[in-house]
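Novice: Right, I'll just put the structure down here and ask away after.
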């Protein structure tokens with residue numbers, strides 16, 4: 079899949095802080111693992127973090143996908159996982175899908191994306 083640059087018109091205004099200066103010199107990259115029930119939503123968040131359309135939001139693969147880019151001069155690696163939150167996935171498959179090699183020597187951040195309930199309850 080060819081990377082496509084995201085235009086400012088594609089994004090809603092979000093204030094980003096420049097807090098990436100905390101990466102130590104020995105930390106060559108920031109590794110983020112995306113978790114959640116929707117491949118499409120995880121892909122959209124991954125694309126937003128990287129500033130490029132690199133994750134296909136329509137086709138869910140059965141494996142992890144690792145993409146990287148630069149943010150504020152630092153290398154950021156985003157790892158999109160298959161639907162790990164489903165109870166039908168065995169422990170062996172969880173280990174395999176977790177893509178330990180893709181986040182070697184280990185992830186720095188787990189970003190859990192959850193759907194808000196569509197129906198709001200009245201709390202009168």
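In the numbering used here, the protein residues as written are 79 to 202. Every residue, glycine too, gets a C-beta built ideally from N, C-alpha and C.
Opposite residue 144 in the DSSP bridges: which residues?
Specialist: In DSSP, residue 144 forms a bridge with 157.
Novice: Could you check the C-alpha separation between residue 111 and residue 158 for me, to the nearest Å?
Specialist: Whole-angstrom Cα-Cα distance: 6 Å.
Novice: May I ask you to list the residues that DSSP assigns as paired with residue 107?
Specialist: For residue 107, which the question treats as bridged, DSSP gives the partners 153.
Novice: Leaving out the 5 sequence neighbours to the left and right, which residues in its chain are closer than 7 Å to residue 122 when beta-carbon positions are compared?
Specialist: Excluding positions up to five away in sequence, the list reads 135.
Novice: Just verifying my parser: in three-state terms, what is the DSSP assignment at residue 184?
Specialist: In this structure, residue 184 counts as coil in the three-state DSSP scheme.
Novice: Leaving aside the five residues before and after residue 105 along the sequence, list all residues of the same chain whose C-beta is less than 7 Å from its C-beta, in chain order.
Specialist: Excluding sequence neighbours, residue 105 sits near nothing in its chain.
Novice: Give me the Cβ distance between residue 211 and residue 128, rounded to the nearest whole Å; I'm assuming they're in contact under 8 Å.
Specialist: Since the first residue shown for the chain is 79 and the last is 202, residue 211 is missing from the structure and cannot be characterised.
Novice: On the DSSP bridge list, what partners appear for residue 114?
Specialist: In DSSP, residue 114 forms a bridge with 191.
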